[in-house]
Structures are given as C-alpha cells and as structure tokens.
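Number of protein chains: 4
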Amino acid sequence: ERPRDYGIRFGVLPTGPLNAITDVPGVRVGQVTIREGERVRTGVTAILPHAGNLFQQKSPAAIYIGNGFGKLAGYSQVEELGTLETPIVLTNTLSVPTAADALIDYTLSQPGNEQVRSVNPVVGETNDGFLNDIRGRHVTRQHVLTAIRDARTGAVAEGNVGAGTGTVCFGFKGGIGTASRKLPTSLGSYTVGALVQTNFGGVLQIAGMPAGVELGKYSFKENLDGSCMMVVLTDAPLDARNLKRLAKRAFMGLAKTGGIASNGSGDYVIAVSTAYQIPHDSKTPTDTLTLLRNDNTSALFMAAIEATEEAIINSLFAAKTMTGDQGHRIEELPVQRVVDYLKKAGQAR
Amino acid sequence: ERPRDYGIRFGVLPTGPLNAITDVPGVRVGQVTIREGERVRTGVTAILPHAGNLFQQKSPAAIYIGNGFGKLAGYSQVEELGTLETPIVLTNTLSVPTAADALIDYTLSQPGNEQVRSVNPVVGETNDGFLNDIRGRHVTRQHVLTAIRDARTGAVAEGNVGAGTGTVCFGFKGGIGTASRKLPTSLGSYTVGALVQTNFGGVLQIAGMPAGVELGKYSFKENLDGSCMMVVLTDAPLDARNLKRLAKRAFMGLAKTGGIASNGSGDYVIAVSTAYQIPHDSKTPTDTLTLLRNDNTSALFMAAIEATEEAIINSLFAAKTMTGDQGHRIEELPVQRVVDYLKKAGQAR
Amino acid sequence: ERPRDYGIRFGVLPTGPLNAITDVPGVRVGQVTIREGERVRTGVTAILPHAGNLFQQKSPAAIYIGNGFGKLAGYSQVEELGTLETPIVLTNTLSVPTAADALIDYTLSQPGNEQVRSVNPVVGETNDGFLNDIRGRHVTRQHVLTAIRDARTGAVAEGNVGAGTGTVCFGFKGGIGTASRKLPTSLGSYTVGALVQTNFGGVLQIAGMPAGVELGKYSFKENLDGSCMMVVLTDAPLDARNLKRLAKRAFMGLAKTGGIASNGSGDYVIAVSTAYQIPHDSKTPTDTLTLLRNDNTSALFMAAIEATEEAIINSLFAAKTMTGDQGHRIEELPVQRVVDYLKKAGQAR
Amino acid sequence: ERPRDYGIRFGVLPTGPLNAITDVPGVRVGQVTIREGERVRTGVTAILPHAGNLFQQKSPAAIYIGNGFGKLAGYSQVEELGTLETPIVLTNTLSVPTAADALIDYTLSQPGNEQVRSVNPVVGETNDGFLNDIRGRHVTRQHVLTAIRDARTGAVAEGNVGAGTGTVCFGFKGGIGTASRKLPTSLGSYTVGALVQTNFGGVLQIAGMPAGVELGKYSFKENLDGSCMMVVLTDAPLDARNLKRLAKRAFMGLAKTGGIASNGSGDYVIAVSTAYQIPHDSKTPTDTLTLLRNDNTSALFMAAIEATEEAIINSLFAAKTMTGDQGHRIEELPVQRVVDYLKKAGQAR
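Residue numbers (our numbering), protein chains in the order written: chain G, 1 to 349; chain A, 350 to 698; chain H, 699 to 1047; chain V, 1048 to 1396.
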C-alpha cells in the first residue's frame, strides 16, 4: 500500500490514474534488479520518453543540479542543445560508465542510426555502496539493455527495485518511487510525472509531519548522507528553458521531505517534455513549435513539487528491510508506526 | 509572540539567543517603514555584515537565484569576485534604482573612500504594489541612508516593517521575518542567521502542517504569486563557492513553507560570511584564509534551511492586517486559529 | 574613415549596407553626449529593438557575462524569462541607477502601460572615471529619456559619443563602435549587428596584426584595464537559449582584438532577436514560434564574432584624443601609423 | 619545428623552458597512440597534476564550458566541490565511458584507496570519426591505464599522437598541442601551461594572420566543424572560482586562432592548480590556504590566452597528413607556405 492508500495527502493537486511517471502518455519504464549472494544489491532503471527512435526524434530536456556531488553523465550537451537523445538510465555511482557504454550500444544499433558517430548518453546514479559491493561493479551492459528493452507503460514497481535496489534514505531503506499530478482543465490538463531514486539524508518529513524526529533518526543525530536522482516528465509543451525551471521545482519537492542536500549529495533532476520532438535531421532550417508561455508554468511547477515529494515518500513506503554487503542491514520505514503518528495528527486516516 | 513561543518547532537545531540574523556577531539591521496616507505602504531594510568600512573590507558573499523574475542589483559582480562591498538593502521593485543610488552615495562618502570610482550596490526587492502605490516610487535616498545609519545589533522588528511594510505572503499579510540557528560545539559552534522579505504564494505549511489548506487559501484556488528575498549571514569561514551552496539551502527552506517559486517570483538569496574580510587593497598578492572544508558544510546547510523556514513563518506571525492603495486590504494570518490547528496535531502547545 | 575604408578586413562574411547594428531592420539607436567644462565626459547610448511598446511586446533576449566585474542591471530576469522589456541603455558605472530609474519612468509613461507595476530595466556600463568626473554622476534621467526619444534607424555615430564619450581602450581613446554582417542567402540571409562601448585593455590586435606591440602600448607594459559592453541584435529567429550562445560569440570577437577580460573587466553581451515578440498579455496559453534549429546557428555565431571584432576596432578608429577630469589626457589611436603598419603586412591597402 | 622556431610570436609573455604544459612543476603527461590497419586512428592522452595519490590529495580545479556539444565526464562534481580527484584523460567521443571506467579502475586500485566507493572520473573528448572508425570503440581500459602509467614530466609529443591521433582542425590535420607562459618576477613568476586536442573549425588565424583565407579553407566555404578540449595547469595558488575564470580565458585563446565554437562544437577547458592540494581526509574542519587575490589574476589570464592560442597552432604545425577510415584523407597544414605568408607580413622570420 502506498501512502495515499492511508489517506496521506501531498499538496492539493489531483494525481494521474496510476500516480506514476507513466501517467504521462507514452512514457515507459524498465527496471532490472540485481541481487546476487550476500553482497550484490544494485540495479538499473530506464526511462524512455517516447516509443520512437530517441536519437532521431530528440525530446526537449533540461537538467537541474541541486547539489553536484555526483557522476551524472550527459549534462553539458543537454544544457547546450536543450535535447535528450537517449533513454535516461539510473544506476549506481561506479556503474555510470557501463550504463553510458550500453546507451551507446543501444543507440548505434537502432535502425536508422547506422551513420551516428556521436551519442550523448544520459545516466544518473546514487551510491548504493553501503548495502552493495559497489566496487565490484556488477552492473553489465546487458543489464542496461534489458532494462531498456523491457521498458513499458503502466504501473511502475517501487522500493527495492532497479536502481533503487540497494539505496538508503533518511536512514531507512530507500529505493525507486514515483507519483504524478494531473492539472485540471482550467490549468491546461497537463500531466507531470516524477520518478526518484532515493538515497539521501536529512530530517524526514512525511506530508509535513516530522517523522524523522518522531522515529529518532535524522541527520547529525546519526550520520545520514547521500543523493537523490529525480526524473520529471510532462506532456506540457515546454522548451528547455522552462523545463529547467520545472526541474528546479522537483528539488523543492525533495526539500519538503526534509532532505538537506548535504555536501555529499548528488541531487539531479532531469526534466523532459513529451509534447513534441526535435528531429535530428530536417529539410527546413527552422522548427515551428507551440510552446507554453512563461505565465502558464506555475501550476506545472506546483505539480512537479508535489509529485516529487510524494514519489520520495512512496519509495520509502515500498522499500523493504535489506541485508547486504559486509552484513550491513537497513530497516524499512516502520510504516504502521508512521501511519499511526500521522493519524493522530489528522494527516492520515 | 513568535511561533516558537507557541511551542512550534522548525527542524532540530537550536536557535541563537535572539533567534534573529543578528545572532551572527557584528551583524546589524536597520529599517525604515514608510506609511503615508492611504496609499504609501513600503520601506527599506538594510543589513550590514560588519561595523567597518564595507568597501575597504569586503565580505565573502554569494547570491543564489531561485527564480529570477526580479530586479536584484549587484548579482554579477558578487558572482565573479565572491565579495560584497556595500550594505545589503531590501526595498520595493521600482525603488531598486533609488536604493542603489543611495548605496553609491553612502559608499562614496565614507571616510577612506575618496578615490573610489566603482561601487557594486546590492539591492533586493519584492513587489508591494498591491498595498502600496509602487508606481509613485515613494522611497527616497534619504530613507535608505537612514536605514543604514540606524542599523544596529540586537533584536530585529518583524512583520509590517521596513521592506516588508506592504508585502503579501500566501494570501496573508507578509513582511520581514528573521531567525537563526546555532550549531552545537561538535559541529563547530557556528551561527547561521536568516532575514526574509516575504511576498510569495503557494500552499502554506507551518512546521509542515498544511495550514493553507486548512485556512482555504492557496495557489490556484486563489491567485497568489510573488517573491521572496532571503539574506543569510554566518560566522562560519566559508568561501564564495560554499556560500553559494549555503544560499541555495535557504531556497529549500522556502520550499518547506509551501512556496512554489511561481513564474512571477523573484526569489534570491544573498549569503555572506562574517568570519573574515578581503581587504580592497593589500600589499601582498595573496590572502591567507582559513576556510571550512566542504565536508563540514552540511550542518550549516541544515541550519540555513531551518532558519529560513522559521524566518518566513515568523514574518507571517508578526504581520498585521493592512489596508492600502486603492483600498486593498490584506488580512493577517489568523494566528490563534493556526496555533489551535497545530495544537490538535501535536505540533504546538 | 572606418577601417574597412582602408581595406582592412575582419573575417570573411559581408557587412550589411551601413555596417552598423541598425542594419538589423527596425533597430534604433539614440545617443546623448555629455561634455561640460573640464571634467564631464560621459553620456548615454540607447538601443531599441523595435518601434512598438517594448514592454507589451517583449523581445527574446539573453545576456552573457564574459567577466562580471560590472554593474549591469537586469540580468536575472532576462536569464529567467528570456525576454527584454525595456530599451537597452549604456552609460557610466555610477549612473546605472539613474538610467534604470529613467527606464522605469519611460516604461510607466508609455501609453498602454498604465497598470504596469514591475519593470526590468536593462542598463550596461563601463567606467569612464579616468577622463570623466564619474563621482559627480552627471547623467540625468532626462539625458536617458532624450537618448531613447531620439533613437533612430540609419547610421550610428561612433567614437567619443554617447556612453563612449569618456572611455579608454587598449590605452587609446575608446568609445562607441558598431558593425554588422549579412549572411548570404544560402545561410539564411539573416543580419547580425553589434554595438560596443569599448573601455578595456590587453594587447591590441587589428585584423589580427599585433598593433599594440607595434605601438608599444599593451597590458603589463602599461596599466591597462577595464570593460566592454556589447550589444548584438539579429533578425534571425533565435530563442533565448540560442541568443545566449550568440552572445557568447561576441565575447570571442572581443578576444580577437586582443582583449584579455582582466580581473577588473565588466564584459557583458546583450543579445536580442527582432524576428518575433512575446506579447506581455495573451488570450492563449501558448505561443507558436518558428525558431531556427540549433544546426543552423553556426553562421550566425561567426557573424557575431566578426561584427563584434570590427565594431571594437571601429570605435578606436573613430575616437579622438580627449582631455578630461584632472587634466587626464588619452591619445587617439594613430590611425595612419596603424594603416601603414597593416599595409606593409598586406592587411590594408 | 614549432611555430616559434620560425619566429612566429603569440602575444608578449615569455614561454617556459619547454613551452609545454609540463613546464608547470610536477605535471606529467602520458599518451597512447592507437593506429591499427586502415581504419583505427585514435588514442588517449592523460594529464596528471601531481605525482601523489590524486584521490587522497585532490587538486583545486574548475571546468569551463565554451560550447557544450560534447560528452565530457565529471563536470558537475568539479563544479560543486572545486576539486579534481583523478587524472584528466582525453580520448574520442564514444570512448568516454571506457576511459571513465579505466579511471575508476585506476583509482580503486591505488594503495590507500581500498575504502573508496565514489570516484569522479574526468574525461574529455573530441570526435575523430572522420579518420577513425569511432563506432568500433577501439580504445580499451588498458590503453588508458597505460597512458596514465607512462605519464611523465618533460617534453610532450604533439600532432598525431594520443587523443589527437585522428583529429581535424580548420580542415587540416589537427592533434595534440601544448605551450606555456612563465610570468616575470614582478607578476609572480607563475607558470601557466596548456594542452589541447584540436578538432574544430572556423577561419584559421596564425598569430593573427588570416591563414585560412590565404589557404582558401574556412568555415562555410567548406564544411568545417568540431570541438576542442583544452587543459590548463598552473602553479599559481588559485581557488576554484579563479580557476574557472582562468579556464574561460583559454576559450579566448581558441577564439584568437579563428575558432568559432560552432553549434556542433564541444569546447571545454579544465583548469587545475598545482600550488596546493585539498586532502580527502583531514583531522581539522578547516584548511588554511594562501590564495592569489582577484587583483592579481589578470596576468595569468593573459598567459592562459597566449598559451592556448599557441598550443592550438603548435598542434597544427606538428600534425602530419593522415589517411584513415573509409579512405578519408586529411592534409597537414602546408607549414612552409604558411611560414612564407607570415614572413611576407613580418610575422615570421
């Protein structure tokens, strides 16, 4: 059960039907979970903004860096050109090169890309080295290609899956989480979806309530640290400039969960619009685009904040206690205790 | 009474003695409130990081832009050189030039500055044009010089004062607010102080509790918009790079109050360290500085988040209902109702 | 006579008919030169991208900061929203607030702007304090309003005029310069125009030839320093992202003249497209725009480099020896000697 | 013979003894050239700022992005923390992941790094896909590790070596180039060294002279495009902020060779100081650093401009005609013709 099933509310906007990033039409997610023996707890999550050839039909995109202690691949080209040309892959810190190489494999081998000699793989990561033998670099190119191949629309698994298999969040087991918001007709009917890989610290707040304090587990009482990858998709017709602004709001959503973007944190948001594509080749020197005006972005901003906040808490509700490398063990969030705590405050039912 | 007097808590770190930006030793604040007739509701707030000649003894500083729909003066030079060379002045949007001119007046006239031919005035603003006849530009240079001259250490007035005289926040009367955090000895004993000019919208949360929903007043239910200026001072020895990181955390504090950094928002954070100064002239080509390592910044980050969040809510608790230009009227936050609401949830006493 | 009249060539692209920023259709320039007595040597240059209400019909724009030791007003809003809503005004460092105030006056008083309560004045500057009594702040709002009112299409005066009245460049008299490039039909027939206010140092190169060395006047042999404001207009349909890229290329043009962007330099480029406007108000939530594709920007980049380089050298050829404040005297570039030097090298006729 | 041997001068500052990046004490360079059969023309160049454990003793560093159409790895962490923790590796576009993986191998295996679980590999690239079978990804981890292992002080091979094996510049054979400047005692005696991987287009200028025009080969006459990686080392005690400013000046050096930073260009500058290190672990919360004041950076800026310009031209003088993949052939710069041309203009002897 997800927080919303307990009557917990994050903000005021309605969710999409799945309350998932895949509520944005056409978006597909694929995940490979790698659990082997006592030590390997890692994986891959792939997000594809549309079903076509992503290189030939580039998606408008932007990346916002909340705190840059991370190894995300692909930043500068997205920043310069405003487009994404590969799937987005999330994995662990030391497997970024493997994932990037797999994205090159994938791109070079797509029909129509026979002449492609330049690819900008976008790979995000957090460090699962507490539960996972990260130095062993157990993610293979094949894992990544499988995640991409298996990507599909529909519900998205949360918790100890994919790139979230071995992550830790607020001292509890973290993982993959997702959520969405659907704007009312008066605000454009757009959908904003978020998917997160939670691996960070701070003072946990759930729907505002200081659960971390209640549970006695928070930064500087304990040594909590780490990172968060956030992916935000929308069908609103935003250009790269406004997508970067949208991405920044996801970071505000992280703040609302009590994250502090500590020194050691790699907090990145990749925002992509599915409303249109920029063709790699064109017979015309111009593109004619219908773009949302600045004035109409605020509701999307609020949607990105809410969806990201909820996606993070969703990851905590879904993740299960895990033992991993070196016998390290991380407990899951005590969901019932949290729900009872919120109930007393009138914030759950 | 301030929120903390009702037992409302923002985070986990202790406050400084005054719970104000002036807990950072040497920091002075001066405010001029301009209320004239039915239409003029504006003012000036000045913050001085030290008591010396600010131009000759520059303070390490950085400015973070949360959302840049604003007219802050002085950004690029602070960004390039990493120093502040004037008092920080806050006022209304259309009075930025006047305030900048006054800062030039002030700087040129300081003893020792007879040869100064270049001054980078730093002026922040929000738009008080709903309650104030902003087009009348009623702030004069003299107002600004008075605020600087009258700046002092000690308690800081909050609410409808200075640059917060005519502002509106979450649909209620906003204003000036301040708060601080004092790190425990184990984390370096540093103080972080925040001062805010609140004039923005979103879905108000007080210590996490969704007060805006409870009170039925929030963005897209009503038309709430606007900006927030944040000033963060610390005696921790940070360089400009880490001050910029600190500044970014203040923006996270804003997020925790339910701010959404809407399209029309000018959200800026000016962060300054009082731990050392950079002399304008020097006989040596180098400066020897003792700087906090990256690894030790996280507690300061958390302090900046907490202090900013509390400063914003403080501004709302202090501000009083105001009528102004065109008969516009903004109600104060119904403090008792809010406190009762938080009490029921166990978040106030 | 301008360098081109001596057969000096800057790059390979053809100029527009006037070889001026006003070759971009609709662009108007107005200048007020302020020379009074022995000490006052300053002025104002205003550039208007189109003849309509600039606030109601905003121009897509971007600002690139080469070196940020400067006091340019208006940066962050242009960066955030991608639009310009006032004339661009250039003046001296300490008169930026006066100019900004005048731009507010201008905007508030335009028919149709009766309800405007927020204006983002864009003002650039360099420091003419060697020849000009800059501390006296002799520029008035009226000077600025006059420059705007008198702005017109057609040829642009260069040298000791407007904001270039008192500037110094490479140790010689600097000033205002302008140039343009017109792309051939195969590259889109677009025009790129540059206007510069030259006040900087380095090792002067004219069409590549090391004239500064030849003339025995260059940085670190003498104490040369200072800033350069660059304004680039184009009728190519660029969005803000690509305008920022275009702006960066103007800075490359500065580099080609031997400028070094010294520590004390405030080097800013404001780039604006005249191809379309973004209306302040709109009945629709979207704008439909026809925008140049990334792939087709390179020729514009080259045009901006060439035009800026030439505009800088044009300013030096036009400026005349001047005596000013404190009896300071700056010699003009010895044009004939330079031409002879280039002739010998086959770079002039 | 290098340009300087022909009496060609770039700027006014003296070179270091080797006129190479290795004039900066302690800097080592290693290169592996990969030429196999008809199709493989690529390689690896590694730059190490000091001889110790680079992860444990991090070097202050910054990365400036001229034009970001590139795949450089490691940007955001360097930007956030201001330090470099691996060797810098240059290679071809599609081999960045391989090189990054090799840097992780290298770092994890260094004595003292047994507990390291996070590594930020810094890898730059340009696209050698015209002469090289880039899709074949012929660079192996072993190539990279060999380049690092073989890195040494002393003279640096230029032209068709290492990461420059298959590159093309201004339509001629490009490659690796290097140069340096040594400031006079009065300016601090610091050394600035540059190393470049040249693979870009524009209108070639050699010591200012329009050689590209003379040789009839330049952008938009022909289809020239591409990228340039620049690495700048200095023993001046700069912090990350000033290193970023220094890096930006290298991009100005590129501009002086006639580069235009076309849309397709990935132009990055990595700047590193060898004057001090930041230890990964420390018993104290602060570091005491002696840092060059802003005021004293300008001569270093000029040195970076000059050294980068000369390094680029050095790469062209050293590179030899090459035939590669698909029978593509790129001619070397006709050095004698160029020298004769410069001689006539008095710019060579």
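Each residue gets a CB set at the ideal place from its N, CA and C atoms; glycine is no exception.
- prompt: Helix, strand or coil: how does DSSP classify K871 of chain H here?
  reply: strand
task: Please check if any C-beta of chain V sits within less than 8 Å of the C-beta of N645 of chain A.
output: yes
task: Have a look at R1196 of chain V and G1077 of chain V and give me their C-alpha separation to the nearest angstrom.
output: Approximately 7 Å, taken between the alpha carbons.
message: Against chain A, with Cβ distances strictly below 8 Å, would L204 of chain G count as a contact?
response: no
- prompt: Hey, would you say V1166 of chain V sits closer than 8 Å to T1212 of chain V, going by beta carbons?
  reply: no
query: Residues bridged to S1329 of chain V by DSSP?
result: Paired residues: none, contrary to the question.
- prompt: How about G537 of chain A: is its C-beta nearer than 8 Å to some C-beta of chain V?
  reply: Residue-level contact check: G537 of chain A touches chain V, since one or more beta carbons of chain V fall below 8 Å from its beta carbon.
- prompt: Is it true that the region 647-661 of chain A meets the region 597-614 of chain A, where meeting means three or more beta-carbon pairs spaced less than 8 Å apart?
  reply: yes
- prompt: G136 of chain G by DSSP, collapsed to three states: which one?
  reply: helix
message: Using only the alpha-carbon positions, how far apart do L1285 of chain V and R390 of chain A sit?
response: 47 Å
query: In three-state terms, what does DSSP make of Y355 of chain A?
result: helix
query: Does the separation of the CB atoms of T511 of chain A and A500 of chain A fall below 8 Å?
result: Checking the displayed sequence, the identity of residue 511 of chain A turns out to be Gly instead of Thr. The criterion of a C-beta distance shorter than 8 Å is not satisfied by G511 of chain A and A500 of chain A.
task: Would you mind stating whether L452 of chain A and V465 of chain A have Cβ atoms separated by less than 8 Å?
output: no
- prompt: For the putative contact between I206 of chain G and V338 of chain G, defined by C-beta atoms under 8 Å, what is the C-beta separation to the nearest angstrom?
  reply: 6 Å
- request: Using a Cβ-Cβ cut-off of 8 Å, state whether S631 of chain A counts as contacting chain V.
  value: yes
task: Give a yes or no on whether the C-beta atoms belonging to I627 of chain A and P409 of chain A are separated by under 8 Å.
output: Contact: yes.
query: Does the Cβ of D1175 of chain V have 16 or more other Cβ atoms within 10 Å, making it buried, or fewer, making it exposed?
result: buried
query: Name the DSSP bridge partner or partners of Y762 of chain H?
result: For Y762 of chain H, which the question treats as bridged, DSSP gives the partners H:V967.
message: Between F780 of chain H and chain G, is any beta-carbon pair separated by less than 8 Å?
response: Note that residue 780 of chain H corresponds to Gly in the displayed sequence, not to Phe. By this cut-off, G780 of chain H is an interface position.
message: Tell me the DSSP secondary structure of V338 of chain G in three-state form.
response: helix
message: Looking at the secondary structure, which residues open and close the alpha helix (DSSP H) in which T42 of chain G lies?
response: Not the alpha helix (DSSP H): T42 of chain G falls in the beta strand (DSSP E), residues 40-48.
Outcome for A504 of chain A when other beta-carbon atoms lying within 10 angstroms are tallied against a minimum of 16: Residue environment analysis places A504 of chain A among the exposed positions, since fewer than 16 neighbouring C-beta atoms fall within 10 angstroms of its C-beta.
CB of L1131 of chain V within 8 Å of CB of V1074 of chain V, strictly: no
- prompt: Within 8 Å (strictly less), CB to CB, does L1262 of chain V reach chain A?
  reply: no
task: Would you list, in chain order, the members of the region 1176-1201 of chain V that have their beta-carbon closer than 7 Å to a beta-carbon of chain G?
output: G1176, I1181, R1182
message: One question on the structure: do K1118 of chain V and T1092 of chain V come within less than 8 Å of each other, judged by their Cβ atoms?
response: no
- prompt: Using the beta-carbon of each residue, which ones in chain A are nearer than 7 Å to T1337 of chain V?
  reply: Here the neighbours are T635, T637.
task: Could you round the C-beta distance between A596 of chain A and V618 of chain A to whole angstroms and report it? I think they count as a contact, below 8 Å.
output: 4 Å
query: Based on the DSSP output, what are the partners of M578 of chain A in its beta bridges?
result: According to DSSP, which records beta bridges pairwise, M578 of chain A is partnered with A:Q546, A:Y617.
- prompt: For G575 of chain A versus G520 of chain A, is the C-beta spacing smaller than 8 Å?
  reply: no
message: I need the straight-line Cα distance from I1307 of chain V to P1158 of chain V, nearest angstrom please.
response: 44 Å
query: In terms of residue numbering, what span does the alpha helix (DSSP H) encompassing Q729 of chain H cover?
result: Counting along the chain, Q729 of chain H falls outside any alpha helix (DSSP H), though it belongs to the beta strand (DSSP E) covering 726-734.
query: Who are the neighbours of D584 of chain A on chain V, taking C-beta pairs under 9 Å?
result: In chain V, no part has a C-beta under 9 Å from the C-beta of D584 of chain A; the shortest such distance is about 13 Å.
- prompt: How would you write the range of the alpha helix (DSSP H) that E1172 of chain V sits in, first residue to last?
  reply: First-last for E1172 of chain V: 1169-1173, but that is the beta strand (DSSP E), not the alpha helix (DSSP H).
- prompt: By the 10 Å Cβ neighbour count, where 16 or more other Cβ atoms means buried, how is E463 of chain A classified, buried or exposed?
  reply: exposed
query: To the nearest angstrom, how far is it from the Cα of F828 of chain H to the Cα of H1026 of chain H?
result: Between F828 of chain H and H1026 of chain H, the C-alpha separation is close to 7 Å.
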